[in-house]
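**Q**
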Amino acid sequence: MQSMTLEQLRATASAGGVVGITLKGQGSGFFMEIATRSGQDAFLVKARSTEPRRFGSPNSALVVLRAIGIAVAQLDATNWNPDQKEVTQNRDSRAQAMRQAHEAAAYNQWLAGEIQASIDDPRPSIPHDEVMAEMDADIAALPKKKRA
9 MQSMTLEQLR ATASAGGVVG ITLKGQGSGF FMEIATRSGQ DAFLVKARST EPRRFGSPNS
69 ALVVLRAIGI AVAQLDATNW NPDQKEVTQN RDSRAQAMRQ AHEAAAYNQW LAGEIQASID
129 DPRPSIPHDE VMAEMDADIA ALPKKKRA
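Numbering of the sequence shown is given in my numbering, commencing with residue 9 and proceeding in unit increments.
1) Are there three or more Cβ pairs, one per stretch, closer than 8 Å when the stretch 105-114 is compared with the stretch 49-67?
2) Exposed or buried, which one is V26 when buried takes at least 16 other CB atoms within 10 Å?
3) Apart from the five residues just before and just after A43, which ones in its own chain have a Cβ nearer than 6 Å to its Cβ?
4) Can you tell me whether L150 is buried or exposed? The criterion is at least 16 other CB atoms within 10 Å of its CB, across all chains shown.
5) Taking only the alpha-carbon atoms, compute the straight-line gap between A120 and D129 and give it to the nearest angstrom.
Quick look at the structure:
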């Protein structure tokens, strides 16, 4: 079975390539199975992943379908179990991801400030060859013990 993103589903539907949609219950959620004119069925996946897009209720899936322009869908609740807990990331791993995102943003902000300060520095620039020659002289002046 093929996979299809929401944008691909939108394009396929507007071109008349969607024959039918079935919302399939699995565990406590629903997945979207797409029947196409070419005969190759597909399932809806997340935008930047091959992981199937899971809907918590048929209502949320229908809202997405309606926005695309699809007004008719079938419902298959054979394997749906509303009491089944969905295994998801725990709060600690999500909190860690958020901390890392905030640290990265803070670093990017600091780095942008350093770059801007360098750009705004009124002192004249020193040519690369001159800087490298000075560094080579400094390294050569170090005792041999420290260089090893």
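All C-beta atoms, glycine included, are put in the ideal place defined by N, C-alpha and C.
Source: prediction; values computed, not measured.
**A** Straight from the coordinates:
1) no
2) buried
3) V27, G28, D49
4) exposed
5) 14 Å
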